[in-house]
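A.B. asks:
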Amino acid sequence: MMKTIIVFLTIIVGLVVSQSSSSASGSGSVVEFTSDLSISSEWDHYWERCVGSGHAWLGTRRDWQDALKIAHDKLGFERVRFHGIFDNDMNVYQQGANGEAIYSWYNVDVVYDYLVSIGMSPFVELSFMPNDMASGDETIFHYMGNITPPKNFTTWNNLVVAFLEHVIDRYGITEVSKWHFEIWNEPNCGFLYVPGYANQTTEVLQTAYFEILNETFSAVKSVNADLSVGGPATCQSQWIPETLQYCKDNGIELDFVSTHEYPTDIVPLQRNIMYQVLSKSREIVGDDMQLFYSEYNDGLFNRHDTTYASAFAIFNIIDVYGLSDIFSWWTFSDVFEEQGQQSVPFNEGFGLQTIYNIAKPSFKAFELLHETGNLRYNTTGSHPTAGILVTNSWNKNEVLVLVYNHNIPDAPMDTETLAITLENIPSDVKKATIRRIDEDNCNPIALWTEMGSPSYPSTSEIEQLLKSTEFNEVSIPITKLDKHTIQVQLDIPPQGVAAIKLHF
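Per my numbering: the sequence shown = residues 28 to 531.
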């Protein structure tokens with residue numbers, strides 16, 4: 028039977044978009060790594076448990092739905108998280124003439140019905156405040172989500188209970204038990220405003236948020252104690268100790284702690300800053316608490332459409348392994364309206380896909396990651412910027428190896444020559460093929476630029492851009508060192524990604 032070994036090689040360099048064509052290693056020597064296929068440990072696809080989007084109303088759009096199905100089918104994402112399920116554009120709540128609550132779940136059903144129909148679930152962010160029950164008029168973003176606390180918590184709690192009772196009735200407790208309910212979004216970063224305070228200090232915001240947390244947690248658990256509830260959904264990994272202390276003092280047993288982190292949150296930027304921050308958060312919450320990073324991506328740099336983002340994703344997913352139970356990339360599509368919907372197909376939006384569902388390099392990186400299996404093989408070798416990950420595949424006839432070479436923006440980086448030795452190979456390798464993500468492969472922004480950067484590309488141009496995202500698989504040589512040991516050697520440019528498949 029023919030078996031397959033796939034080798035992924037990832038190289039990344041900061042802000043430099045152009046890539047060296049040199050075939051020589053930047054250091055003038057070969058970078059060597061070795062993997063022993065007889066020694067393995069678990070490899071969990073924690074990054075596939077959730078992916079981000081914009082706000083709930085987008086889920087009623089056909090283009091959003093199409094993009095999500097592509098991401099689910101090709102990248103394996105299980106849940107999607109977005110803001111504003113209670114926003115006014117979702118029309119879930121109105122106050123009647125006599126003060127009575129009028130609920131409407133039609134738009135919620137349109138969104139959630141679609142998720143369930145394609146085998147996905149929502150990661151439910153319980154936000155923001157319906158205008159008719161809000162204590163103020165402060166809003167956020169183009170879609171004007173109200174970010175003030177409720178005038179009356181009884182009204183808010185009743186909404187939460189009615190919402191949960193509806194989704195349980197519609198989808199069943201077995202399905203809803205797979206969902207996670209996250210209380211609010213980034214109360215420390217401009218998504219919570221407390222009327223009556225000229226200065227929105229940390230004390231003011233924490234006091235208000237912890238009341239929302241307490242009331243909402245109780246409302247959810249009153250419907251079903253087994254539902255998964257957590258927070259504080261803060262930016263920059265903040266408020267975690269304070270949240271845990273408040274919960275301890277008030278008898279609240281969160282099912283998970285959630286927060287957000289972007290590599291540009293901390294200055295100066297460091298190569299392993301995500302690892303440093305997530306390690307600290309894990310230390311704070313302990314090993315027994317679920318820790319969800321419900322937002323992250325490659326940061327505020329204008330690199331989302333380039334190969335920088337693809338290499339960043341692979342490096343960090345490997346680097347922070349074991350620290351977070353959910354690691355949710357923000358976002359899966361540029362169908363996104365925080366500042367209004369952008370019409371230019373490549374606008375450095377957060378999405379893995381453009382508005383025309385053209386796969387960016389980051390999408391292709393997640394596509395390769397999805398091919399990895401559930402076992403991680405032991406590896407040796409070190410380099411200041413390069414490293415490898417070796418796994419099996421869901422296809423029992425394959426083994427996969429990911430290799431990266433990552434550095435922060437503006438840091439020096441060169442094309443590297445890598446020699447990867449695989450030991451305890453079960454049989455002779457017949458051939459090897461390679462797929463690449465770099466300036467010349469799976470990099471549609473380069474073709475779009477050559478086209479003259481059309482704001483509204485024609486149907487023909489879109490077809491060409493879509494075709495440019497397809498992997499081009501070609502053969503490469505193999506060196507047989509002994510009966511059960513082989514080696515592959517190749518050059519990878521800065522910000523390059525390659526996947527080598529070994530057939531044996």
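From the three backbone atoms N, C-alpha and C, an ideal C-beta is built for every residue, glycine too.
Let me confirm a value: S144 is counted as buried when at least 16 other C-beta atoms fall within 10 Å, else exposed. Which label applies?
C.D. replies: Exposed.
A.B. asks: Who are the near neighbours of M117 in its chain, counting only those whose CB is closer than 8 Å to its CB and skipping five residues on each side?
C.D. replies: Closer than 8 Å at the Cβ level, and outside the excluded window around M117, lie A83, W84, G111, N134, V135.
A.B. asks: Is DSSP giving R463 helix, strand or coil here?
C.D. replies: Note: R463 maps to strand in three-state DSSP.
A.B. asks: Runs of 4 residues minimum, wholly inside the stretch 142-185: which ones carry the alpha helix (DSSP H) assignment?
C.D. replies: Correct list: empty.
A.B. asks: For the stretch 423-503, which segments carrying the alpha helix (DSSP H) assignment without a break, of at least 4 residues, lie completely within its bounds, in sequence order?
C.D. replies: Entirely contained in the stretch 423-503, the alpha helix (DSSP H) runs reaching 4 residues are, in chain order, 471-477, 486-494.
A.B. asks: So, at 6 Å on beta carbons, what are the nonlocal neighbours of H207 in its own chain, with the 5 sequence-adjacent residues on each side left out?
C.D. replies: F150, S255, listed in sequence order.
A.B. asks: Could you tell me whether the stretch 312-332 touches the stretch 275-294, where touching means 3 or more Cβ pairs closer than 8 Å?
C.D. replies: Segments in contact, yes.
A.B. asks: Can you look up Q272 in the DSSP assignment and give me helix, strand or coil?
C.D. replies: Looking at Q272 - three-state DSSP - the assignment turns out to be helix.
A.B. asks: Sorted by chain position, which residues of the same chain lie with C-beta nearer than 7 Å to I279's C-beta, five sequence neighbours on each side aside?
C.D. replies: Within the same chain, I279 has close Cβ partners N241, F244.
A.B. asks: With C-beta atoms as the reference, is V194 less than 7 Å away from V187?
C.D. replies: Against a cut-off of 7 Å, the Cβ pair of V187 and V194 comes out as no contact.
A.B. asks: For G199, is the classification buried or exposed, using 16 other Cβ atoms within 10 angstroms of its Cβ as the cut-off for buried?
C.D. replies: Under this definition G199 is an exposed residue.
A.B. asks: Taking Cβ positions, are T406 and I415 nearer each other than 7 Å?
C.D. replies: Taking 7 Å as the Cβ cut-off, T406 and I415 qualify as a contacting pair.
A.B. asks: Tell me the residue span of the beta strand (DSSP E) that contains A525.
C.D. replies: Where A525 is concerned, the enclosing beta strand (DSSP E) stretches over 524-530.
A.B. asks: With respect to the alpha helix (DSSP H) encompassing N241, which residues constitute its N-terminal and C-terminal limits?
C.D. replies: 229-250 is the span of the alpha helix (DSSP H), which, as asked, contains N241.
A.B. asks: In the DSSP output, what is Q121 paired with across the bridge?
C.D. replies: Partner(s): I129.
A.B. asks: May I have a chain-ordered list of the beta strand (DSSP E) segments no shorter than 3 residues that lie completely inside the stretch 188-222?
C.D. replies: Listed in chain order, they are 207-210.
A.B. asks: How would you write the range of the beta strand (DSSP E) that F283 sits in, first residue to last?
C.D. replies: Start and end: 283-287.
A.B. asks: Measure the CB-CB distance between T261 and N215 and report whether it falls below 7 Å.
C.D. replies: Contact: yes.
A.B. asks: Would you identify the three-state DSSP class for W356, choosing helix, strand or coil?
C.D. replies: Here W356 sits in strand by DSSP.
A.B. asks: Between the alpha carbons of A225 and I353, how many angstroms are there, rounded?
C.D. replies: Cα to Cα, the separation comes out at about 36 Å.
A.B. asks: Do you know offhand how far S48's Cα is from P439's?
C.D. replies: Interpretation of S48 is limited by its pLDDT of 31, a score under 50 that renders its predicted location unreliable; no figure is taken from the coordinates.
A.B. asks: What does the alpha-carbon distance come out to for the pair T229 and W266?
C.D. replies: Each residue's Cα considered, the two are about 10 Å apart.
A.B. asks: By DSSP's criteria, I519 is part of a beta bridge. Which residues make up the other side?
C.D. replies: E443.
A.B. asks: Specify, as a first and last residue, the run of the alpha helix (DSSP H) that T334 falls within.
C.D. replies: Taken as a continuous stretch (DSSP letters only), the alpha helix (DSSP H) holding T334 covers 334-346.
A.B. asks: Could you tell me whether the Cβ of K457 comes closer than 7 Å to any Cβ of chain B?
C.D. replies: Here chain B cannot be found, since the structure has a single protein chain.
A.B. asks: Do you know whose CA, among S480, E425, G349, lies nearest S68's CA?
C.D. replies: For the residues S480, E425, G349, the minimum Cα distance to S68 belongs to G349.
A.B. asks: Going by other Cβ atoms of all chains shown within 10 Å of its Cβ, with 16 needed for buried, is Q366 buried or exposed?
C.D. replies: Its Cβ having fewer than 16 others within 10 Å, Q366 is exposed.
A.B. asks: Who are the near neighbours of M301 in its chain, counting only those whose CB is closer than 8 Å to its CB and skipping five residues on each side?
C.D. replies: Once the five neighbours on either side are set aside, the close Cβ partners of M301 are E288, P290, Y323, N343, D346, V347.
A.B. asks: What separation, rounded to the nearest whole angstrom, lies between the Cα atoms of L445 and D276?
C.D. replies: The alpha-carbon atoms of L445 and D276 are separated by roughly 54 Å.
A.B. asks: Give me the Cα-Cα distance between F113 and I129, rounded to the nearest whole angstrom.
C.D. replies: Rounded to the nearest angstrom, the two C-alpha atoms are 13 Å apart.
A.B. asks: So, for T381: in the same chain, excluding its five sequence neighbours on each side, which residues have a beta-carbon less than 6 Å away from its beta-carbon?
C.D. replies: Closer than 6 Å at Cβ, skipping near neighbours: D361, P372.
A.B. asks: May I ask you to report which of helix, strand or coil DSSP gives A392?
C.D. replies: In the structure shown, A392 sits in a helix (DSSP, three-state: H, G or I).
A.B. asks: For the putative contact between S495 and P471, defined by C-beta atoms under 8 Å, what is the C-beta separation to the nearest angstrom?
C.D. replies: Yes, S495 and P471 are in contact; Cβ-Cβ is about 5 Å, under 8 Å.
A.B. asks: Would you identify the three-state DSSP class for N277, choosing helix, strand or coil?
C.D. replies: N277: coil per DSSP, three-state reduction.
A.B. asks: Please classify V501: is it buried, with 16 or more other beta-carbons within 10 angstroms of its beta-carbon, or exposed?
C.D. replies: Flag for V501 reads exposed.
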